[in-house]
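The opening position of the sequence shown corresponds to residue 1 in the UniProt record's numbering, with each subsequent residue numbered one higher.
Below: the structure, in structure tokens.
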Amino acid sequence: MASQPPPPPAVEARFADLCKELGVDEGVAGEAAALLQEGKGALLTSPSFGSRSREDVEKLCFAFVLYCATKLKETKEGSSVMLWQILKACKLKCDDFFKESQQLTPKINQVLGNRYGSDWEDRLEMKRLEILVNLLADASRFYRKAFNELFLSGSTGQEPGSTTNIPDYIRFGWLLFLLLRSKSPELFKDLVSCIHGLVAALAILLIHVPAKYRSFTIEGSSHLIKQTEKGVDLLASLCHNYHTSEDRLKEMMEKSYKVIEEFFSRKALSASDCKTSNLDKIDTDALMYFKDLVDEECFESNLEKLEKLSNTASCERELDLKMFLTSNDYIVSAGNSSGGSTNLGCSKRVFETLASPTKTIKRMLAVPSSPSSPAGSIKVVQMTPVTSAMTTAKWLREVISSLPGKPSAKLEEFLSSCDTDLTSDVLKRVSIVLEAIFPTKSSADQGVSIGLNCTNAFDIPWAEARKMEASKLYYRVLEAICRAESQNNNVNNLTPLLSNERFHRCLIACSAELVLATHKTVIMMFPAVLESTGLTAFDLSKIIENFVRHEETLPRELKRHLNSLEEQLLESMSWEKGSSLYNSLVVARPSLTSEINHLGLLAEPMPSLDDIAARQNIHPEGLLPTSKKRPSCPDGSGDPQSPKRLCTECRNTLVERNLQTPPPKQSQMGLSSLKAKWHPLQATFSSPTVSNPVTGNEKCAVVGVQIFFSKILKLAAIRIRNLCERLRQVELTERVYNIFKQILDQQTALFFNRHVDQLILCCLYGVAKVSDLALTFKEIVNNYKREPHCKPEVFRSVFIGSTNRNGGLGTRHVDIIVFYNEVFVPTAKPLLVALMSPSTHPEDKKTTNSQIPGSPKPSPFSNLPDMSPKKVSSSHNVYVSPLRQTKMDALLPPSSRSFYACIGESTQSFQSPSKDLAAINSRLN
């Protein structure tokens, strides 16, 4: 492929003008210019499926390069330009910048590593900033809405002759929140804490802002419904309205009083001693009042003092937090906030659509729904990120926090009924694993933290509270699972399950993830719990459905969150290098062993509790250190005897063992064999090489892979149906699904290191090609972009393995069309050919003059591999191939050519090249 032409010199001049406009230090400007020079070839190349203009691409590139140079180059404190200033100068929104940065980073990954070291990505703090922006955008929207409910609008609240208006008060409250946040940053690492801080600010405004500006009167108000003998209970009423904790709000009020006293040098007075109309008919017990806080004579100076407040945290200095309340050009749009795994309110279907093992694929494919609403006929009321967070926090507070902090009597009975009493093991494991997730010691005390990448990121009381919530939830679900397993097996001795280390860690990780998702913290995002616990995505995917089934009180929002997580695990994370899925596949499907080993996909051994404790320097109180000799589990799935043993030794042993095992019969491996067969959790979590305790004639790896594949098929069925409906090609749905199913079963290696959606897009295009439909890849991708789960990297960056000159493994990432032509078609061609009826095979359809029918309408994309011949005329069988076409490609039969994606077809017979080019350009644009 020809290299991209260098950008014109004007690019460097425009970048230099941007640096001058921002007043960038000469050293940083020079560093940024050098970085641009080194990476501009890759950065300024428009993506194949991009819809942005060259000017937009250039602005994003400038902002990204300048931010990298500013953040990564060592500069004096206060001498560098901030990210918000860069974005403002480039006229970019935060969400656009963060979204596109994910595409720019891989392009110059090596350049940044060579210039700034291997830790450049952590120092850039891009992901943390993105989450922080989403959090504050959600918080500001909540505050604005709540303020407008409690106070008059700006148009009706302004009095003649008054120098203070409603917008000033709303800004004063937001700045008061930022002041409290700057003085106690450890309290505001999550959305729930931020909402408590904002409700405290609203309470202070209600106490101090003149009553004439309220949108309600105290008598019969629907806003303040909690009453005491002395009047309206202000804090209890606000807690009722916004689902906050009354105890926590009172603590936040106390901190607010102290901060106001220090910042404004004003003494807090007991509200019960103050005679003001603002407090009429309000119970003033425990409330404090500040004279001259918002009085007209002092308000302007107090507001001005708050305006001068600057961010103190190094990460937050990159953002202007004041602008979140007023600047729509700076913050993200409402639809883009709280993205990623923590968005609890965006799912369009209930969790059971994917998780229920009783639903068949046929039924999912047949669910009627309109193309405009492809998610189905089930309508779920949308919730805002704040509403969902506060609702789930209330559940955690009222249902889980009230539970005992240790195993119940019934759970202890199950643990003590095992071959050996496992109670102490369970307590010790919970303490070690949760300390790894929620560190309560400073980095100096604990050495290297595997849970967090920053010093003292969690406030210790906050982390202790989250540990307690996670442990209580874990004990509750563990007991429910034990009850169910005992009832199903008619035994109380659950040693095989309760002695399984991987099962317990998955349950603890799932509990901790739900606690983190409830509070929507900016410090620790999924998949951090996997890294902290030593688990892989495939491990966690085994527990989610069971967790939901056995925790009946789980709020709908958390079920949606688990649904979203499971989709992430199924669609890509379980297929990544280092997933334990591959350790199961080499047992369940030995034919894949060589490919798995060639790509180096096998997972490392799971670290032992000793290893996790050593990294965290954990010594749980009252618990003995982990013994080096553990009783051997019947399934051999306990802790690794030697955490330090080489991974290669483990892999070689596993591979040697499986090379001697004959491949299972196809009927055994059929995906339908899972029907009407119940598998206990013991089989799901047992070592892959252990025999299934239910049947005895198959390995547990077979069971695990079958269950996993059945979930993949359910997820694919939903997405295929939705995409076909968007394209108005419903008749293709079942054929596309059948091809996908066959590829998963017979060509599983196509999924290695790839995203499930990449295979869905290729199956859809391939079926359309053999069905003689004029459906282009551009149409498919454009409709895929409208799906809620769309990720640009799915069609922009597809993994392709290759062998370098030294015989070693090399990798490259290409767009979806190159992958389709180079990898998908050669592999899936027999399956696609089987879809064609005999009358549609070109070889069997030769006429007397041996003419071959014209190729289907081509896809309007560039950057194609050389293997696709270009048809010049629709009426003459003349193909033009590039000069560098290989003999192998030139000898492809016409039937094979029809499978590939191509461009360059003439729009009319014998048309001039200039008109052909104009027609092609119109298609591309």
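We put the CB at the ideal spot given by N, CA and C, even for glycine.
As the structure is a computational prediction, the values presented were derived from the model and not from experiment.
query                                                                                                                                                    : result
Considering only C-alpha positions, which residue in the set F709, T284, T387 and V199 is nearest to W575?                                               : F709
Is G534 helix, strand or coil by DSSP?                                                                                                                   : coil
So which of W84, G534 and L72 has the shortest CA-CA distance to D119?                                                                                   : L72
Confirm, please, whether the CB-CB distance from L473 to I543 is below 7 Å.                                                                              : no
Mark Q568 as exposed unless 16 or more other C-beta atoms lie within 10 angstroms of its C-beta, in which case mark it buried.                           : buried
Look up L269 in the DSSP assignment and say whether it is helix, strand or coil.                                                                         : strand
Mind checking L87: buried by the 16 CB within 10 Å criterion, or exposed?                                                                                : buried
Work out the CA separation of L540 and H550 for me, nearest whole Å.                                                                                     : 16 Å
Can you tell me which of the three DSSP states D757 falls into?                                                                                          : helix
Could you tell me which residues DSSP pairs with S691 in its beta bridges?                                                                               : K699
When the Cα atoms are used, what is the spatial distance from F299 to F177?                                                                              : 16 Å
For D280, count the other beta carbons within 10 Å of its own beta carbon; 16 or more makes it buried, fewer makes it exposed. Which is it?              : exposed
List in chain order: all unbroken alpha helix (DSSP H) runs of 4+ residues lying wholly within the stretch 244–300.                                      : 246–264
Just the C-alpha distance for L309 and L238, rounded to the nearest angstrom, thanks.                                                                    : 27 Å
Report yes if the C-beta of S184 is less than 6 Å from at least one heavy atom of the ligand NAD; otherwise report no.                                   : Absence of the ligand NAD from the depicted structure is noted, as is the absence of any ligand whatsoever, leaving it without description.
So is C700 buried or exposed if we call it buried at 16+ other beta carbons inside 10 Å?                                                                 : buried
Measure the alpha-carbon distance for N490 versus S193 and round it to whole angstroms.                                                                  : 46 Å
Measure the C-alpha to C-alpha separation of F15 and F62 and round it to an integer number of angstroms.                                                 : 7 Å
Leaving out five residues before and five after residue 927 in sequence, what residues of the same chain have Cβ atoms less than 8 Å from its Cβ?        : There is no way to answer for residue 927, as the model of the chain reaches only from 1 to 925.
If we count Cβ pairs, one from each stretch, closer than 8 Å, do we get three or more for the stretch 200–211 versus the stretch 244–256?                : yes
For a test of the three-state rule: what should DSSP assign to D419, helix, strand or coil?                                                              : coil
Within the continuous alpha helix (DSSP H) that includes A603, where are the two ends?                                                                   : Careful: A603 lies outside any alpha helix (DSSP H) and carries neither H nor E.
Between the Cα of N148 and the Cα atoms of I170, T420, D138 and K127, which residue gives the shortest distance?                                         : I170
Is there contact between the stretch 459–476 and the stretch 433–443, where contact requires at least three CB pairs shorter than 8 Å?                   : yes
Tell me whether the beta-carbon of C762 lies closer than 7 Å to the beta-carbon of F824.                                                                 : yes
Return the CA-CA distance between S221 and A286, expressed in angstroms with no decimal places.                                                          : 22 Å
So, with DSSP's three-state summary, where would you put R812?                                                                                           : strand
Are the CB atoms of Y737 and I718 within a distance shorter than 7 Å?                                                                                    : no
Are the beta-carbon atoms belonging to H196 and T228 less than 7 Å from one another?                                                                     : no
Use the C-beta contact count for G405: other C-beta atoms within 10 angstroms, 16 or more gives buried, fewer gives exposed.                             : exposed
In the DSSP assignment, the alpha helix (DSSP H) including L129 goes from what residue to what residue?                                                  : M126 to L150
In three-state DSSP terms, what is D96?                                                                                                                  : helix
Indicate whether the contact test is met: 3 or more Cβ pairs, each with one atom in the stretch 134–141 and one in the stretch 383–396, closer than 8 Å. : yes
With a 10 Å radius around its C-beta and 16 neighbouring C-beta atoms as the bar for buried, classify R754 as buried or exposed.                         : buried
Where D273 and K291 are concerned, what is the direct C-alpha to C-alpha distance, given to the nearest angstrom?                                        : 12 Å
For Q110, which of helix, strand or coil comes out of DSSP?                                                                                              : helix
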